[in-house]
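Here the structure is laid out as structure tokens; the discussion comes afterwards.
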Amino acid sequence: MQFLIKIKFVLLFLLLGTTCPLNAKVLAYYPFNGNANDESGNGNNGFVYGPVLTEDRYGNSNSAYYFDGTDDFILLGDTDFLKPRFPMTLIAWINLDCDAYYPPVFVNNYCEDHYNGIIFNIVYDNYLAINFGNGDFVGPQSRRSKTGTTLLLPNRWYHIAVIIRGVYNMELYVNGQNDGGTYSGNGSSLVYTEGPAKLGVADGSRYEGGERFFKGKMDDIYFCDHAFTSQQIMSHYQETVTEQTSKNETLPKTTILYQNYPNPFNPTTTIQYQLLKSTTVSLTIYDLLGNEINQLLNQYQETGMYRILWESKNSQDQYVPNGIYIYKLQTDRHVYLRKMIVLQ
Ligand SMILES: [Ca+2]
Ligand SMILES: [Ca+2]
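In this text, residue positions in the sequence shown follow numbering that gives the first Met the number 0: the first is 0, and each later residue adds one.
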């Protein structure tokens, strides 16, 4: 089952498809696979203050972080990449402990008594919420919030997302579905002050007991500087839940997708896979924004071991730039993802 651990690298971007604006940019991506590194290429690695690596939603060890609800958080740094502007999309997978109290997920210098910056959190009896402020101190005129409608139950994984296109266009999503919700506050702008972004801790100046901490598990934190469509959110959810569904159904594995070799590479690499059953199979290369780069294969194949060469070329036969690419093997029953690196 070792290969399962590796393919749990589930790229958030895959199904964004070609509808993304060309200038769309991944601001940050924390897959939490063994560390809190930022895999977006922007280099804003997290510093882990307490959270410990734990099982992710597929049961892979060391592939998500557990926050103890007492003093654990991850410091992400003070950078414009982590001070997203409208439009924006924030996505995470979370699994709450039962007694979490107003647990914050992503925060960038949001202060409860100033209302500046942004906080993506869980409020009341476990509803999703997004809040941002204009820095003009307490008062509903300084804050803009939306609270969702789905009660998030403890001890289960949820795909949560927020899309902000503007003050009157904020959407919360739970497991790919638009969560509706209620707006409050009349803040009309988002103003950040100096200060680092954090995961799992929020200022608690309006609450007795000081700071509030996330309690439970987090995984696959992703920020993008454009607004996903609702279909893209649903696709993203479905894509990143695929293997969990497969595992829960205890379907026999029918395929093994191996790590390409060499890796990193320039310009040629070999992708190897094994089909334990005959199936329709496609092998497609994507960039980190989910744009399809090239499809190397799409046909019915018999049981057996296969190898495909990729020469770092896109579908127009041009060499692709340096960077991380995803290869996706899709069979009748499963989707398998791995990443590889083109390095000149
Ligand atoms: Ca601790
Ligand atoms: Ca992970």
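All C-beta atoms, glycine included, are put in the ideal place defined by N, C-alpha and C. Note that the coordinates shown come from a computational prediction; the quantities given were computed from them, not determined experimentally.
I need the straight-line Cα distance from residue i to residue j, nearest angstrom please.
{"i": "V106", "j": "I323", "result": "28 Å"}
{"i": "C110", "j": "F136", "result": "9 Å"}
{"i": "T244", "j": "E54", "result": "Bear in mind that a pLDDT of 43 at T244, under 50, signals an unreliable position, so the model cannot answer this."}
{"i": "P50", "j": "I73", "result": "7 Å"}
{"i": "M116", "j": "Y335", "result": "Note on residue identity: the sequence assigns Gly, not Met, to residue 116. Straight-line Cα distance between these residues: approximately 38 Å."}
{"i": "Y126", "j": "G45", "result": "26 Å"}
{"i": "L250", "j": "R332", "result": "Per-residue confidence for L250 stands at a pLDDT of 45, beneath the threshold of 50, marking its modelled position as unreliable; no derived number is given."}
{"i": "Q230", "j": "L287", "result": "18 Å"}
{"i": "V190", "j": "D218", "result": "27 Å"}
{"i": "G184", "j": "R143", "result": "5 Å"}
{"i": "H158", "j": "C97", "result": "17 Å"}
{"i": "V280", "j": "Y257", "result": "15 Å"}
{"i": "V122", "j": "T146", "result": "8 Å"}
{"i": "T254", "j": "Y29", "result": "27 Å"}
{"i": "F131", "j": "G58", "result": "34 Å"}
{"i": "L171", "j": "Q237", "result": "16 Å"}
Between residue i and residue j, which are expected to be in contact by the criterion C-beta below 8 Å, what is the C-beta distance as a whole number of angstroms?
{"i": "A27", "j": "N41", "result": "6 Å"}
{"i": "T267", "j": "Q300", "result": "With 8 Å as the limit, T267 and Q300 do not qualify as a contact, their Cβ atoms being about 22 Å apart."}
{"i": "N94", "j": "R155", "result": "6 Å"}
{"i": "Y272", "j": "L328", "result": "6 Å"}
{"i": "D71", "j": "Y48", "result": "7 Å"}
{"i": "T269", "j": "R211", "result": "Going by Cβ atoms, the distance from T269 to R211 rounds to 50 Å, so no, they are not a contact pair."}
{"i": "F227", "j": "I162", "result": "6 Å"}
With distances taken between CB atoms, is the gap from residue i to residue j smaller than 8 Å?
{"i": "V104", "j": "F119", "result": "yes"}
{"i": "K214", "j": "G68", "result": "yes"}
{"i": "D112", "j": "S39", "result": "no"}
{"i": "I129", "j": "H235", "result": "no"}
{"i": "G165", "j": "I232", "result": "no"}
{"i": "V319", "j": "I340", "result": "no"}
{"i": "L81", "j": "A160", "result": "no"}
{"i": "N108", "j": "L75", "result": "no"}
{"i": "M87", "j": "D178", "result": "no"}
Note the first and the last residue of the continuous beta strand (DSSP E) segment covering residue i.
{"i": "F227", "result": "Run containing F227: none; DSSP gives neither H nor E here."}
{"i": "F131", "result": "Y126 to N133"}
{"i": "H158", "result": "W156 to G165"}
{"i": "A196", "result": "A196 to L198"}
{"i": "P83", "result": "Element bounds for P83: n/a, residue is neither H nor E."}
{"i": "P103", "result": "P103 to N107"}
{"i": "Y191", "result": "Per DSSP, Y191 belongs to no beta strand (DSSP E) and is neither H nor E."}
{"i": "Y285", "result": "T278 to Y285"}
{"i": "E291", "result": "E291 to Q300"}
{"i": "K338", "result": "V334 to V341"}
{"i": "R143", "result": "R142 to T146"}
{"i": "G303", "result": "G303 to W309"}
{"i": "F136", "result": "Run containing F136: none; DSSP gives neither H nor E here."}
{"i": "N168", "result": "N168 to V173"}
Mark residue i as exposed unless 16 or more other C-beta atoms lie within 10 angstroms of its C-beta, in which case mark it buried.
{"i": "S141", "result": "buried"}
{"i": "Y65", "result": "buried"}
{"i": "Y182", "result": "exposed"}
{"i": "L198", "result": "buried"}
{"i": "K276", "result": "exposed"}
{"i": "R337", "result": "buried"}
{"i": "G138", "result": "exposed"}
{"i": "T302", "result": "exposed"}
{"i": "P20", "result": "Low per-residue confidence applies at P20: pLDDT is 43, beneath 50, and the placement is therefore not dependable, though the value from the model is reported in the following sentence. Classification for P20: exposed."}
{"i": "L282", "result": "buried"}
{"i": "Y285", "result": "buried"}
{"i": "M169", "result": "buried"}
{"i": "S314", "result": "exposed"}
{"i": "Y167", "result": "exposed"}
{"i": "L152", "result": "exposed"}
Quick check: is the beta carbon of residue i nearer than 8 Å to any beta carbon in chain D?
{"i": "E38", "result": "Any reference to chain D falls outside this structure, which holds one protein chain only."}
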